[in-house]
Structures are given as structure tokens and as C-alpha cells.
Amino acid sequence: MKKVMVHPERCVGCMQCMIACATAHSKTRQLLTALMETPLPKSRVHVGAGLYNEGFPNRCRHCEPAPCMAACLANAIFRDPEKETVLINPDKCINCASCAMACPYGVIRFHEDATAPVGKTVAVKCDNCDQRQMEGLIPACVEVCKSNALTFEESTDAMKRKTDEVARSVSRGAEEISLSPAFSLLTAAKRAQLSL
Amino acid sequence: MDQKFEDLTITKDGQLLLAKAEKDQVETVWERHRAQQPQCGYCDLGLSCRICVMGPCRVDPFGEGPQKGVCGADADIIVARNLCRMVAAGAASHSDHGRDLVEVLEGVSEGTAPGYQIRNVEKLQRVAAEYGIDTAGKDPLPLAGELAQAMMEDYGMRQKQIRLVQRAPQKRRDLWKKIGITPRGIDRETSEMMHRTHMGVDNGWQSLLLQALRNSLSDGWGGSMIATEVSDILFGIPAPKPTTVNVGVLKENQVNIIVHGHNPVVSEMILKACESPELLALAKEKGAEGINLAGVCCTGNELLMRHGVPMAGNHLMTELVLSTGAVEMMLVDYQCIMPSLGTVAACYHTKMISTSDKARFPGMEHREFHPETAEKMAVELVKEAVLNFANRGRTYIPVEPVNAIGGFSIETIVGALGGTPEPLLDAIKAGKIRGAAGIVGCNNPKIKHDYGHVTLTKRLIENDVLVVDTGCVSVANAKAGFKVPEAIEMAGPGLKEVCGSLGIPPVLHLGSCVDNVRILVLVSALADALGVDISDLPVAGSAPEWYSEKAVTIGTYFVASGVTTVLGPMPPIAGSMNVVKLLTQGLKDVVGATFAVEPDPEKAALIIRRHIEGKRKALGLSALDV
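Going down the list, the sequences are from chains A and B.
Per my numbering: the first sequence = residues 17 to 212.
Per my numbering: the second sequence = residues 7 to 632.
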């Protein structure tokens with residue numbers, strides 16, 4: 017089964033995933049009209065700034081077992097067995113924030129949402145774009161990512177690729193492999209600036 | 007002091023006022039910079055293109071995603087086009103500033119700019135003669151009109167080349183002609199740059215960058231040079247004067263007025279009004295001991311250069327200066343004025359006034375200055391500032407000002423040397439002075455405030471490199487105490503001896519950022535005296551904390567004129583290794599100088615010293631291993 021994979025070393029920090037996520041979870045699902053909706057749609061993936069101001073797309077890992085699910089006394093959090101996605105039922109959510117306290121990654125937010133009853137603040141997090149997937153589309157954050165920091169693939173494929181990357185890096189006589197000389201140069205400059 | 011503030015700025019007044027701003031809940035540029043992290047990697051690499059609406063487009067630096075924009079432009083073309091547009095914007099800004107001065111010059115000639123006058127007739131005649139105008143027996147006013155007309159021609163397309171290009175050494179002009187980058191018209195080169203970067207015009211990244219060189223020269227030897235020369239004609243040639251710097255120049259017991267921006271057309275009139283006996287009497291009546299005018303940014307530098315008006319701070323200090331609560335009025339014109347200032351001022355009694363018909367800001371009252379009415383408007387505004395003194399709340403002016411000497415024009419430097427650059431050349435030949443460096447440019451929250459400027463300057467002077475500075479660097483260096491004659495104690499033995507005998511500091515303040523052209527004139531004079539090209543001289547440029555498009559243009563005209571220049575922050579070009587290589591290596595074979603990028607000022611100092619020693623060796627002078 018395909019899953020969203022995060023490759024932090026490729027994140028250029030453009031935050032396109034956040035815009036695409038908010039749009040995908042709006043009523044109209046078009047950027048321009050989404051900006052005029054009430055409530056304003058919000059992203060469920062959050063790009064953080066690392067030690068060197070490099071980007072990191074922080075999204076729900078859909079843990080198994082999921083601490084948020086265990087912490088939810090209202091039984092609002094459940095797992096879609098087919099996609100292995102952890103979902104929140106906005107009708108059942110009582111906005112108690114127990115899930116957020118239990119979440120090790122800090123990816124659960126509380127606000128009004130297009131899927132929730134009008135005026136009700138609920139817990140909101142990544143749903144792996146289940147609506148889009150039902151329509152044969154891939155998750156919006158992956159679709160918009162130009163640098164492949166987010167991919168949607170079989171985990172076995174991703175693991176094989178990573179295994180090969182590691183194997184090549186420890187080959188005898190191998191020089192340090194730069195994914196992108198341009199990005200490495202920029203990163204070096206930014207680190208130098210920050211280290212002053 | 008809170009460690010977090012020491013991480014942001016090396017200046018004591020900056021650190022203390024950051025704490026005050028935090029207490030007053032004033033948001034600063036550093037917080038907004040933090041909130042912008044991570045900044046978009048595509049944009050930082052120069053790999054995003056918003057030029058046309060088939061896009062916006064991005065090229066994946068990792069090579070797997072899209073490698074071309076919708077139009078087919080690859081990374082080289084996209085990076086080059088973006089950089090070229092930065093150069094065009096910078097050239098447009100300085101050159102438009104110059105245009106405003108030419109209009110005042112014309113107004114003075116026609117008698118429609120009361121309050122302004124020709125302060126230096128000798129310079130008017132000298133520059134007019136350079137423009138091929140017969141000055142014999144002509145009165146200053148009609149001559150000013152003729153010169154203004156001739157300068158206006160420089161902005162258009164009737165000339166084969168911009169007039170003041172002839173100030174460059176013959177070898178340099180021949181080189182520009184050979185590679186086809188002699189600037190033809192000031193506005194023309196900027197227009198052509200914008201045309202070439204339109205979709206489907208110039209898609210040769212090398213030819214685009216050559217036009218960027220020509221465009222920058224149209225600013226350095228055109229618009230900016232006109233701005234400086236006309237300012238000297240209208241307001242006087244700067245001469246060394248004592249002044250003071252840092253936020254301590256604000257006075258507890260006086261009406262404090264700050265000018266911010268770039269054009270002396272506004273600030274000179276404000277200064278005049280501040281000296282008016284009626285307004286001084288009004289200030290006394292209202293309980294203030296006087297009217298204290300201070301500057302921030304380059305219009306402050308313009309006043310410092312000509313009148314010794316004190317400087318309260320540079321670019322990153324502009325918000326913090328207001329958080330003293332001691333400023334009755336800040337008047338701004340244009341360029342580098344953060345649109346946040348109105349919000350900061352709203353926390354205090356400070357009145358914010360915008361003065362230019364082309365620059366408006368939220369939270370400011372707009373009171374337009376025009377040459378016809380500027381004198382009257384200045385008096386009205388200063389009066390309002392005086393009346394605002396009564397509304398002052400608690401103030402916080404936490405430091406004592408530092409002494410400095412500013413106002414070194416080329417005329418006064420050569421004058422101090424006895425009318426010829428020979429003594430300076432002799433000191434360079436003898437190795438007492440290894441060479442010279444122009445340290446210029448802005449502040450940028452990406453670099454610890456003033457750390458780049460002060461560290462680089464310190465390392466260069468202690469190794470006998472004479473430093474000239476302009477713009478925001480000049481304030482940083484003055485605050486660090488480099489601008490008093492006693493600062494020779496921080497210089498190496500050779501520089502100490504030379505500056506000591508002349509009674510000058512080892513770091514000379516040449517003015518505002520348009521005044522970088524004074525550096526071009528100085529290096530031309532040195533090259534001519536030695537019979538070499540500018541690129542043969544043991545000199546270098548640096549912009550350790552640059553942020554603006556204007557700085558890109560300045561760096562480019564330095565390099566195109568033969569001065570190798572080290573940038574602190576990385577420009578948005580790393581997405582194209584071809585462009586990086588051309589700018590940092592390839593340009594050596596084109597214009598005899600290159601860019602380098604080095605955020606660490608300690609390392610930048612080594613790069614500059616190595617470069618200077620290399621040039622000395624090539625000239626047959628004694629050279630050191632660095």
C-alpha cells in the first residue's frame with residue numbers, strides 16, 4: 017500500500033504543501049475561492065524551521081498503535097483499516113485536547129473546519145487526503161512538492177532506495193554525494209550566516 | 007543583558023532597545039525574520055520565476071522534478087533573469103533619486119525652488135565643463151539650467167554614451183567598448199534590461215548578465231554619479247566635520263526630529279527650518295532647550311557629510327530608535343523605509359510624516375515636498391514637531407553618543423593630501439598602506455547586526471588596509487569608534503603612521519549609498535596616476551550585510567568597473583552553477599574582477615587581503631603571503 021513518505025533532506029522550505037493541504041481541505045478545493053471561505057481552511061501539514069532554518073514538513077505519522085486514539089475518551093478518533101489512516105470524527109470530537117497532549121509530533125490543531133458542524137471547534141489533523149484518494153488522486157501535499165521531499169509510494173520501494181543510498185555512501189573511495197550542488201551551496205551559506 | 011539580544015546585534019544601544027521594544031510589545035524586523043523561517047528554497051536559489059502567467063514556475067534543484075519553466079527556460083536562464091531584474095530595480099532606484107536632484111537644479115535655475123541655491127559654483131562650473139558646456143562668463147543660474155538639461159539628456163536616448171563615463175580610465179572605457187557594455191542612457195539600460203527579461207526575448211544567460219553589467223554602469227557612472235554631483239552643487243562639497251553617532255544623539259531636553267530615507271532635497275530643508283530663530287524660540291517657550299535634528303539611513307549620511315548632523319542609527323536601528331519614546335517626529339522620503347515604522351510609532355507620541363509623491367506608508371501622515379513649496383512645508387512640519395514635545399511620555403535613551411569625523415569627499419581627501427593623490431600612492435608603493443577597501447551596503451537580519459561591518463573593518467585596518475565606507479556601514483564603523491583620529495591605535499603600523507601624519511582616522515566616511523560613486527572617482531584617479539586600469543589596483547569592495555536590490559547594482563558596477571567585491575549574504579543565484587561560476591570566476595576574464603561570497607567577515611578579510619597582495623605583486627610592489 018502506498019503511503020506518504022517524508023525526505024527531510026530534500027525540503028527547500030517553500031511551504032507549497034501547506035497551501036495545497038489547506039486548499040484540498042476547503043469546501044471549494046480551489047485556491048482562489050478557498051481564500052474567500054468561512055471558516056478559512058487551514059493546513060494540516062506544518063513546515064517547521066530547523067536549527068539552520070531548513071524546512072521540515074511535519075505531518076501526522078498515523079501511528080500504530082496511535083497515542084491520540086488511545087487518549088480519546090469520546091471515541092472520536094478511529095483507524096480506517098483499508099488505508100491505515102487515523103481519522104477524527106468531527107461530530108464526536110469534544111475539543112478536549114487529550115489527543116494533542118498524547119501526540120508525540122504536535123500535529124493536531126483545534127479550529128473550525130469545513131467538515132465540522134458550523135461554529136464548532138474540533139481537533140483537526142492529516143487525513144491522508146482520503147477524499148482525494150477516493151477520487152483516484154494522490155495526497156495534495158505530495159502532488160505539489162517539486163523537490164520530492166514528500167513522496168507517495170510503497171514503503172518497500174522507499175526503503176530499498178534509502179538502503180541503496182546508504183550503501184553507495186559507504187562504498188570504498190566514495191566521495192560525499194550531494195543530492196544537489198546548488199542546494200548544498202545555499203545550505204552552506206545559510207549555516208555560515210547563522211554561525212556568526 | 008539577555009543573550010538572545012546579544013545574538014542579534016553587537017551594538018549596546020541595539021541590545022538595550024531590543025529589550026525595551028520587547029517590554030513595549032513592539033514587533034521588530036528580527037521577529038518578522040524569524041517568523042519567515044524557513045524561507046522558500048526555490049526563491050533563495052533564484053529558481054522560481056514569476057515573470058509571466060504561463061507560470062509561476064519552479065525548477066527542482068535535486069534534478070528529479072521539473073527542470074524547465076513552462077516557457078522552456080532552464081535554471082541558468084531563470085536565475086540570470088531574476089538577478090538581472092534585481093540590478094534593474096537597484097539602478098532605477100538610485101537613478102530616480104538622481105533625477106529628483108536634477109529637477110531641483112533646474113528649479114533653482116528657473117527660480118521656482120525657493121530655499122535651494124547653488125552652494126558650490128566652482129563644482130557647478132567643473133561638472134558643466136565635463137558636460138561640454140561653455141562656462142565662460144556665464145552666471146551660475148543659467149549655467150545650472152544648461153547642466154540640468156544636459157543631465158536630462160543622459161537619462162534619455164539621444165546620447166551615444168553617458169557623459170560621466172569619460173571619468174573612467176581610458177583602459178577601462180576601451181574594455182567596456184570592446185565587450186559592448188558602455189552605458190548609453192540611464193533609463194535606457196534599465197528599460198532594456200526589463201525588455202530583455204520579458205518572456206521570449208534574451209535567453210542567453212551570458213548575454214543577459216552582460217546587459218546587467220551595462221545597466222549597473224548606467225547607475226554607477228550615470229544616475230548615482232549625477233545624484234552625488236548635483237547634491238554637491240546644491241548643498242556643498244562635504245568636508246571633514248566632527249559629529250556623534252548612536253541612539254545617544256537624541257536629547258532628553260530637546261525636540262528630537264529624525265530624517266530617514268535618502269534624498270537631501272527634503273532633509274536639507276528640514277535642517278534649515280530647525281535652525282530658524284522663530285522655531286527655536288517656540289521650542290524654548292514649550293519647555294525644550296532646542297531642536298535636535300538627527301538622521302538614520304542615508305539621508306542622515308547626506309546631512310552628516312555636509313553639516314555634521316548626528317546619526318542615530320542605521321537600517322536595523324530604525325524601529326528601535328523610535329522605541330526610545332524620545333522622537334517628536336520622523337520624516338521619511340524613500341528607499342529602505344520599513345513599512346512597519348508607522349505601527350512602531352503608534353506606541354509612542356512620535357509623528358510620522360511621509361514626504362515623497364512616490365512613497366506612501368501605513369500609519370504615516372502624507373505631506374508632500376515639492377521644490378516650489380519645500381521650504382514652507384519644512385517650517386510647518388518642524389513647528390508641528392515642536393508642538394508635539396508636550397505630548398512626550400517617558401523616554402529611554404540608554405547610551406552616550408560616540409564621537410566621529412565624517413565628510414570625506416574626494417575633493418577633501420585629495421586636498422588633505424596636498425592637492426594630488428601622490429602621497430597616498432607613495433604610501434601604497436612603500437607598502438605602508440597595503441591597499442584600500444570600500445566597505446559598503448546595508449544591514450540584514452541574516453547577519454548579526456553590524457558584526458560583519460565592524461569585524462571586517464577591524465581586520466583590514468589592523469593589517470594596514472585603508473578603509474572607506476558609505477551608507478549603513480559608516481554608522482556601524484562610527485559607533486565602533488573607528489572614525490576618530492585616535493582610532494589609528496587600532497590600525498597596523500604603516501596605516502597608523504600615514505593617517506597619524508595627516509590627522510585622519512583609518513576609516514574614512516565617504517557618504518551615502520549613492521556616494522559609492524565617490525569610490526569610483528577615487529579609484530579612477532589612482533589608476534590614472536599609475537597609468538593602469540582600475541582592475542590592476544590593490545583595492546577591493548565588500549558588502550558584508552547587504553540586503554537590497556540597490557546593493558546588487560552597486561556590487562555589479564564595482565565589479566564591472568574592475569573592483570573585486572566580496573558579498574556577505576548569498577545572492578539568489580546558487581540555483582545555477584553556471585551563473586555562480588561566471589560571477590565568481592569567469593568575470594575575471596571579462597572585466598578583470600569578480601564577486602566572491604563569504605558571510606564570515608574574518609574569512610572575507612583574508613580573501614580581500616589575499617586579493618590586495620596579489621594585485622601588489624602584479625604591479626611589482628612588495629607583497630605578503632596571507
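Even for Gly, the Cβ is constructed at its ideal location relative to N, Cα and C.
From a predicted model like this one, the values you see are computed outputs, not experimental measurements.
In the DSSP assignment, Ala549 of chain B falls outside any alpha helix (DSSP H) and lies within the beta strand (DSSP E) extending over Val545 to Ala549. For Ile84 of chain B, the enclosing alpha helix (DSSP H) begins and ends at Ala81 to Glu116. Judged by their CB atoms, Val265 of chain B and Gly306 of chain B are nearer to each other than the 9 Å cut-off. At a cut-off of 9 Å, the C-beta of Glu70 of chain A has a neighbouring C-beta in chain B. Judged by DSSP in its simplified three-state form, Ile239 of chain B adopts helix. Closer than 9 Å at the C-beta level to chain B, one finds no residue of the region 79-110 of chain A. Around Lys357 of chain B, the same chain offers Glu334, Met335, Met336, Ala351, Glu371, Glu390, Ala391 and Asn394 as residues with beta carbons nearer than 8 Å, after the five sequence neighbours per side are excluded. Burial is judged here by how many other beta carbons sit within 10 angstroms of a residue's own beta carbon; His201 of chain B has fewer than 16 and is exposed. With a 10 Å radius around the Cβ and a threshold of 16 neighbouring Cβ atoms, Pro605 of chain B comes out buried. By the rule that beta-carbons nearer than 9 Å mark a contact, Asp66 of chain B touches chain A. Proximity of chain B to Leu195 of chain A at the Cβ level (cut-off 7 Å) is accounted for by Phe68, in chain order.
By DSSP's assignment, Val261 of chain B forms a beta bridge with B:Ile297.
Look at the region 506-553 of chain B and you find these whole runs of beta strand (DSSP E), each 3 residues long or longer: 513-517 and 545-549.
In terms of Cβ geometry, Ile104 of chain A and Lys141 of chain A form a close pair [threshold 9 Å]. The DSSP-derived three-state label of Cys33 of chain A is helix. In the structure shown, the three-state DSSP call for Thr188 of chain B is coil.
By the neighbour-count criterion, in which 16 or more other beta carbons inside 10 Å mark a residue as buried, Ile110 of chain A falls on the exposed side. Inter-residue distance for Gly191 of chain B and Arg125 of chain B is about 28 Å (C-alpha atoms, whole angstroms). Annotation for Asp146 of chain A: no beta strand (DSSP E) segment contains it, though the alpha helix (DSSP H) segment containing it runs Asp146 to Met150.
Along the length of the region 340-386 of chain B, whole beta strand (DSSP E) runs at least 3 residues long occupy 357-360, reported in chain order.
Here Leu573 of chain B carries a strand assignment [DSSP, helix/strand/coil]. When Cβ-Cβ separations below 9 Å define contact, Arg184 of chain A makes no contact with chain B. When the five nearest sequence neighbours on each side are left out, the beta carbons in the same chain lying within less than 8 Å of the beta carbon of Pro133 of chain A are those of Pro106 and Asp107, in order along the chain.
Residues of the region 443-472 of chain B that bring their beta carbon within less than 9 Å of a beta carbon in chain A comprise Asn450, Lys452, Ile453, Lys454, Tyr457, Gly458 and Thr461, in sequence order. Between Pro72 of chain B and Cys63 of chain B, the CB-CB gap stays under 9 Å. For the pair Val271 of chain B and Ala380 of chain B, the CB atoms are nearer than the 9 Å cut-off.
Between the alpha carbons of Ala546 of chain B and Ala624 of chain B lies a distance of about 15 Å.
Your pair Glu295 of chain B and Thr401 of chain B does not check out as a contact, with CB atoms roughly 14 Å apart and the cut at 8 Å.
In the three-state reduction of the DSSP assignment, Asn221 of chain B falls in the helix class, which pools H, G and I. Residues of the region 33-59 of chain B with a C-beta less than 7 Å from any C-beta of chain A: Gln43, Pro44, Gln45, Cys46, Gly47, Tyr48, Asp50 and Leu51, listed in chain order. Listed along the chain, the chain A residues whose CB falls inside 9 Å of the CB of Val93 of chain B amount to none; the nearest CB is some 20 Å away. Cα atoms of Arg173 of chain B and Pro246 of chain B: separation of roughly 24 Å, rounded to the nearest angstrom. Looking only at B:Ile139, B:Val93, B:Ser230 and B:Val85, the smallest Cα-Cα distance to Gln217 of chain B is reached by B:Val93. With respect to the 9 Å criterion, Met205 of chain B and Asn221 of chain B are not classified as neighbours on the basis of their beta carbons. Of the candidates B:Thr203, B:Met323, B:Leu526 and B:Leu299, the residue whose Cα lies closest to the Cα of Ile560 of chain B is B:Leu526. If you check the CB distance, Leu111 of chain B and Leu202 of chain A do not come in under 9 Å.
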